[in-house]
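Asker: Sequence lines, in order, name chains Y, W and G.
For the first sequence, the numbering used here begins at 5 and goes up steadily by one.
For the second sequence, the numbering used here begins at 32 and goes up steadily by one.
For the third sequence, the numbering used here begins at -9 and goes up steadily by one.
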Amino acid sequence: MDGWAFVGIFVVVGAALLSVPLILAALLAPRKPNPIKSETYECGIETYGDTRVQFKAQYYVYALMFAIFDIETIFLLPWAIAYQGFRTIFPLLEMIVFILILVGGLAYAWRKGALEWL
Amino acid sequence: MPQIPGNDILIALATWLRQWLLTIGLDPASIDILMAVIRALLLGTLALLVFMLITWLERKVVARIQDRIGPNLAGPWGLLQPIADGIKAITKEDTTPDGADVTIFNASPIVAGVAALLVYAVIPFGPNPGGDCAGTPCGPLTGTDMSIGLFYILAVGAVSLIAVLMAGWSSNNKYALLGSFRAVAELLSYEVPQVLSITAMVMIAGTMNMTRLVEVQSVPFIFPLFVTALVFFISGIAESGRSPFDLVEAESEIVAGYHIEYSGMKFSLFFLGEFVHAFAVCAVVTTVFLNGWVGPFSFVPPWIWFFIKSFAVFFVMMWIKFTMPRFRIDQLMAFNWKFLVPVSLVNLLVLAVLDTVLRMMGLGRAANPWVWGLILFAANLLMLFIALWALGRAARRTRSTERRIVARMDDVTPAAPVTAASAPAAGN
Amino acid sequence: MTLTHIIFIVFAAITLLSALFCVTTRNMFHAALYLVISLFGVAATFAMLDASFLAAAQLIVYVGAVAILIIFAVMLTRGGAGSLPAKQQFNTQAGLAAVVTVVTLFILLRVVPFFNYPVQVAAVPIDIVEQLGQALVGDFVLPFEVASVLLLAALIGAIYIARERRKGEEVEEG
């Protein structure tokens, strides 16, 4: 399985290794909950307002730009691995077209102000 | 006494262990599993030891940079300070906020820690000595020699994002949620130049296998791939959430962001994840750009060279952290999307065209590494120069716009410092 | 019942069960997390089939981008605040849906074994990613370029829609 078996084992071993200090802490740490300590933190004052806030659409735009470029890279990586074995110039040209289309997308986003944090 | 392949003591130990297991009658499949578990344990322990060393090193280095001494009370030179910190973290009370989603709240530190640890599974610490190691062919000194090592590192980064969202959501706290949104937005953004520079590396090297990446570097790739290395290093610093990109978790900003409600050991696990990730980035930079385990003297084991180089890269990271001021969130995003991403795209195109041209002319990496390296290095310097010039021009334009805005305000003289104009942008 | 069989059954069970919980749970964030677990299960299945590149790609794209987008979309809706309002989880067509599902399952179980799938028992070649790269610029260059145009269309569409909303409403906290 090309190393994924080791990754599986490593996940289990890593989780076990990291749980050891947590278990130690559960055993050794004091446990004195009182209502004031369990309140959620708001710079030392009482909380007000709904906890779950409405968030800006800008976060979604950033995540979407990332998704687009991520998928672009999934296409680029096999090309990149086969790159050293190309004998003609055509694969290079095809990749340049691919990237330029997406550079166009980035330029559109830039001009339309979709990259501003606001 | 089994034959010792190479002169590496770690491989010798592993071979001896395997030989002994064979003689007590275990079949090879179980031996493989047992060796894998031992390797995983060793890697996990290594990561934890490195973490402890790094916490001490960081405090000493920041102290010296800030002209003071740093921890020197716990043990000689303060070397036992991490142990003291660990004891403190374990014995601190573990508060859980009201209304928190308890399962997710408890699980997210472990997910964050494991996601950071997973990168170490493919880091190559030493070469493949070749030959036979007690019945199986010898392998390189690494957790697992995956054929898609570099790609796997990207995949693991995705897991840590989920941990951040879990932590922010389950805390039932406005600031934690806000902090986790910002953190995820920043982490996602800085993954784009990281991924693009990895594509450039893979294109030039022709492989994603970490061990092959080291073997392929007849000339260390930091020269022909200088801009790529720079972009990868900067986005790696941002991905680990370190200064100057640590706005989303700094105490003076959003009050520690998504790990506000965590205390004691759980908080330490987030910390561990961040530092372990930072060192992993240094290890990857060493592997891909600085020729990994290769060193001049043959009596020194390869993994010592690896650690020397990794710590040198980490020192540069610390140097940057303690010298530069923090970025504002809009500066962070603008720097990424308007500078790093175009630079890495242009870098990819230029490298692709140049490498093909050089290969067609017979000056490719295989044929003539030094000439090839020199030409690419010159191209990289040119790209860097143009990028910095464009950045300077854009910065000058922004500053003159701000100065004009300030000058038009009635109650401020035209000679006022530019920081007055940053007030509108800092209102979020 | 080799070890591989057992591991496969475990991961398949994880995938299916978390998908089931994803659609039946009341809390939207939990549903998103169950979806993430389900996607991990699919990645594990890819890994077991020796498709390492696909497993890593699944993790990067699905867990790292699509799942995050879904979680952000969950937070964007008003229903993201805690559990859904106490409506019924099953609507009035639940009975009809159950009947249709069982009938479809029966039909699939009878029809699917009749086809001859070309099963490759040989090992996956070591340079499979390189062959994929060569295919992308060789036989499949048109889908390759069309994919980039599709991504461009998605980018432009999403930016247009997101900006339309931002001009109308005032910027909220965050």
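By construction, the Cβ of each residue, glycine as well, lies at the ideal position given by its N, Cα and C atoms.
Note that this is a predicted model, so its numbers are computed, not measured.
So with CB distances below 8 Å, who are the chain Y contacts of G/GLY54?
Answerer: For this step, residue 54 of chain G is matched to residue 64 along the third sequence. Result: ASP74.
Asker: How many Å lie between W/ALA451 and G/VAL64 at the Cα?
Answerer: The count along the second sequence starts at 1 and reaches residue 451 of chain W at position 420. The count along the third sequence starts at 1 and reaches residue 64 of chain G at position 74. Low per-residue confidence applies at W/ALA451: pLDDT is 48, beneath 50, and the placement is therefore not dependable, though the value from the model is reported in the following sentence. Distance between the alpha carbons of W/ALA451 and G/VAL64: 38 Å.
Asker: If we define contact as Cβ-Cβ less than 7 Å, is G/SER138 a contact residue for chain Y?
Answerer: Here the question's residue 138 of chain G lines up with position 148 in the third sequence. At least one chain Y Cβ lies under 7 Å of G/SER138.
Asker: Starting from the beta carbon of Y/GLU98, find every residue of chain G whose beta carbon is closer than 8 Å, and list them in chain order.
Answerer: Taking the first sequence and counting its residues from 1, one reaches residue 98 of chain Y at position 94. Ordered by position in chain G, the residues that pass the 8 Å Cβ test against Y/GLU98 are VAL127, VAL131, PHE134 and GLU135.
Asker: Report the start-end ranges of each alpha helix (DSSP H) in the stretch 264 to 325 of chain W that is 4 residues or longer and not cut off at the edges.
Answerer: Runs found: 296 to 320.
Asker: Cβ of G/LEU49 less than 7 Å from any chain W Cβ?
Answerer: Counted from its first residue, the third sequence places residue 49 of chain G at position 59. G/LEU49 counts as touching chain W.
Asker: Tell me the residue span of the alpha helix (DSSP H) that contains W/LYS119.
Answerer: As a working note, residue 119 of chain W is residue 88 in the second sequence. Its alpha helix (DSSP H) spans residues 112 to 121.
Asker: Roughly how many whole angstroms lie between the Cα atoms of Y/LEU110 and G/SER8?
Answerer: Residue 110 of chain Y sits at position 106 when you count from the first residue of the first sequence. Residue 8 of chain G sits at position 18 when you count from the first residue of the third sequence. Taking the straight line joining both Cα atoms gives about 36 Å.
Asker: Using the Cα positions of W/PRO107 and W/PRO332, report the straight-line distance between them to the nearest angstrom.
Answerer: Here residue 107 of chain W refers to the residue found at position 76 of the second sequence. Here residue 332 of chain W refers to the residue found at position 301 of the second sequence. W/PRO107 and W/PRO332: Cα-Cα distance of roughly 28 Å.
Asker: Suppose you measure from the CA of G/PHE30 to the CA of G/TYR52; what does that come to, to the nearest Å?
Answerer: Start at 1 with the first residue of the third sequence, and residue 30 of chain G comes out as number 40. Start at 1 with the first residue of the third sequence, and residue 52 of chain G comes out as number 62. Roughly 9 Å between the two C-alpha positions.
Asker: In chain order, what are the residue ranges of uninterrupted beta strand (DSSP E) at least 3 long that sit wholly in the stretch 357 to 434 of chain W?
Answerer: The qualifying runs do not exist here; there are none.
Asker: Are three or more beta carbon pairs between the stretch 94 to 103 of chain W and the stretch 266 to 277 of chain W nearer than 8 Å?
Answerer: No, they do not touch.
Asker: Just to make sure I have the definition right: I need the residues of chain G whose C-beta is within less than 7 Å of the C-beta of W/TYR183. Which are they?
Answerer: In the second sequence, counting from the first residue as 1, residue 183 of chain W sits at position 152. Within 7 Å Cβ-Cβ: ALA46.
Asker: In chain G, which residues lie less than 7 Å from Y/ILE85 when you measure between Cβ atoms?
Answerer: Translated into the one-based positions of the first sequence, residue 85 of chain Y becomes position 81. What Y/ILE85 touches in chain G: VAL119, GLU120 and GLY123.
Asker: Let me know the alpha helix (DSSP H) ranges lying completely inside the stretch 14 to 81 of chain G, each 4 residues or longer, listed in chain order.
Answerer: Within the stretch 14 to 81 of chain G, the complete alpha helix (DSSP H) runs of at least 4 residues are 18 to 38, 42 to 48 and 57 to 66.
Asker: Are the stretch 111 to 120 of chain W and the stretch 294 to 304 of chain W touching by the rule of at least three beta carbon pairs closer than 8 Å?
Answerer: Yes: at least three Cβ pairs fall under 8 Å.
Asker: Can you list, in chain order, the residues of its chain whose CB lies under 6 Å from that of W/GLN112, leaving out five sequence neighbours each side?
Answerer: For the purposes of this step, residue 112 of chain W is identified with residue 81 of the second sequence, where counting begins at 1. If we look at W/GLN112 and ignore the five residues flanking it on each side, its Cβ neighbours are TRP87, PRO102 and ALA105.
Asker: My assumption, with CB atoms under 8 Å, is that W/ALA189 sits in contact with G/GLY54. Please give the rounded CB distance.
Answerer: Translated into the one-based positions of the second sequence, residue 189 of chain W becomes position 158. Translated into the one-based positions of the third sequence, residue 54 of chain G becomes position 64. Contact holds; Cβ gap of about 3 Å.
Asker: Can you tell me the Cβ-Cβ gap for W/MET348 and W/VAL377, rounded? I've got them flagged as a contact below 8 Å.
Answerer: For the purposes of this step, residue 348 of chain W is identified with residue 317 of the second sequence, where counting begins at 1. For the purposes of this step, residue 377 of chain W is identified with residue 346 of the second sequence, where counting begins at 1. W/MET348 to W/VAL377, Cβ: 25 Å. No contact.
Asker: Rounded to the nearest angstrom, how far is the Cβ of Y/ILE13 from that of W/ALA78, given a contact under 8 Å?
Answerer: As a working mapping, residue 13 of chain Y is identified with position 9 in the first sequence. As a working mapping, residue 78 of chain W is identified with position 47 in the second sequence. Not confirmed; about 15 Å, so no contact.
Asker: If I follow the unbroken alpha helix (DSSP H) through Y/PRO25, where does it start and stop?
Answerer: Numbered from 1 along the first sequence, position 21 holds the residue referred to as residue 25 of chain Y. From DSSP, the alpha helix (DSSP H) with Y/PRO25 extends over 8 to 32.
Asker: Compute the Euclidean distance between the alpha carbons of W/PRO128 and W/THR54, then round it to the nearest angstrom.
Answerer: What you label residue 128 of chain W is simply residue 97 of the second sequence in a count that begins at 1. What you label residue 54 of chain W is simply residue 23 of the second sequence in a count that begins at 1. One C-alpha to the other measures close to 55 Å.
Asker: Could you round the C-beta distance between W/GLY157 and W/PRO171 to whole angstroms and report it? I think they count as a contact, below 8 Å.
Answerer: Counted from its first residue, the second sequence places residue 157 of chain W at position 126. Counted from its first residue, the second sequence places residue 171 of chain W at position 140. Rounded, the Cβ-Cβ distance is 6 Å, consistent with contact.
Asker: Should W/PHE366 and W/VAL316 be called a contact, given that it needs their Cβ atoms to be closer than 7 Å?
Answerer: As a working note, residue 366 of chain W is residue 335 in the second sequence. As a working note, residue 316 of chain W is residue 285 in the second sequence. Their beta carbons are not under 7 Å apart, which means W/PHE366 does not touch W/VAL316 by this criterion.
Asker: Are the CB atoms of W/GLY288 and W/ALA214 nearer to each other than 7 Å?
Answerer: One-based indexing of the second sequence puts residue 288 of chain W at position 257. One-based indexing of the second sequence puts residue 214 of chain W at position 183. In contact: W/GLY288 and W/ALA214 (Cβ atoms closer than 7 Å).
Asker: Measuring straight from C-alpha to C-alpha, what distance separates G/ASN81 and G/LEU66?
Answerer: Residue mapping note: residue 81 of chain G aligns to position 91 of the third sequence, counting from 1. Residue mapping note: residue 66 of chain G aligns to position 76 of the third sequence, counting from 1. Distance between the alpha carbons of G/ASN81 and G/LEU66 is about 25 Å.
Asker: Please confirm if the stretch -9 to 8 of chain G is in contact with the stretch 28 to 48 of chain G, defined as three or more CB-CB distances below 8 Å between the two stretches.
Answerer: As far as the Cβ criterion goes, the stretch -9 to 8 of chain G touches the stretch 28 to 48 of chain G, which means the pair count is three or higher.
Asker: Could you tell me the distance, in whole angstroms, from the CA atom of W/GLY323 to the CA atom of Y/VAL11?
Answerer: As a first step, residue 323 of chain W must be located in the second sequence, where it is residue number 292. As a first step, residue 11 of chain Y must be located in the first sequence, where it is residue number 7. Their Cα atoms are separated by approximately 22 Å.
Asker: Taking 7 Å as the CB-CB cut-off, is Y/ALA61 touching chain W?
Answerer: Stepping through the first sequence from its first residue, residue 61 of chain Y is reached at position 57. So no, Y/ALA61 is outside the interface.
Asker: May I ask which residues mark the beginning and end of the alpha helix (DSSP H) holding Y/LYS60?
Answerer: The sequence position of residue 60 of chain Y within the first sequence is 56, counting from 1. Taken as a continuous stretch (DSSP letters only), Y/LYS60 belongs to no alpha helix (DSSP H), as it is neither H nor E.
Asker: Anyone know if the C-beta pair for W/MET177 and W/VAL153 falls short of 7 Å?
Answerer: Against the second sequence, residue 177 of chain W aligns to sequence position 146. Against the second sequence, residue 153 of chain W aligns to sequence position 122. Against a cut-off of 7 Å, the Cβ pair of W/VAL153 and W/MET177 comes out as a contact.
Asker: I need the DSSP call for W/PRO332, collapsed to helix, strand or coil.
Answerer: Translated into positions along the second sequence, residue 332 of chain W becomes position 301. Coil at W/PRO332, not helix or strand.
Asker: Could you tell me if W/LYS91 is buried or exposed, where buried requires 16 or more neighbouring beta carbons within 10 angstroms of its beta carbon?
Answerer: Start at 1 with the first residue of the second sequence, and residue 91 of chain W comes out as number 60. Label assigned to W/LYS91: buried.
Asker: Please tell me whether Y/LEU119 and Y/ALA113 are closer than 7 Å, where the distance is taken between their beta carbons.
Answerer: Here the question's residue 119 of chain Y lines up with position 115 in the first sequence. Here the question's residue 113 of chain Y lines up with position 109 in the first sequence. Cβ atoms of Y/LEU119 and Y/ALA113: closer than 7 Å.
Asker: Just mark W/GLU292 as buried or exposed, buried being the case when its beta carbon has 16 or more other beta carbons within 10 Å.
Answerer: Position 261 of the second sequence holds residue 292 of chain W. Result: buried.
Asker: By Cβ distance below 6 Å, which residues in the same chain neighbour W/LEU52 in space, the five residues on each side in sequence not counted?
Answerer: Translated into positions along the second sequence, residue 52 of chain W becomes position 21. So the list reads ILE62, once near-sequence residues are dropped.
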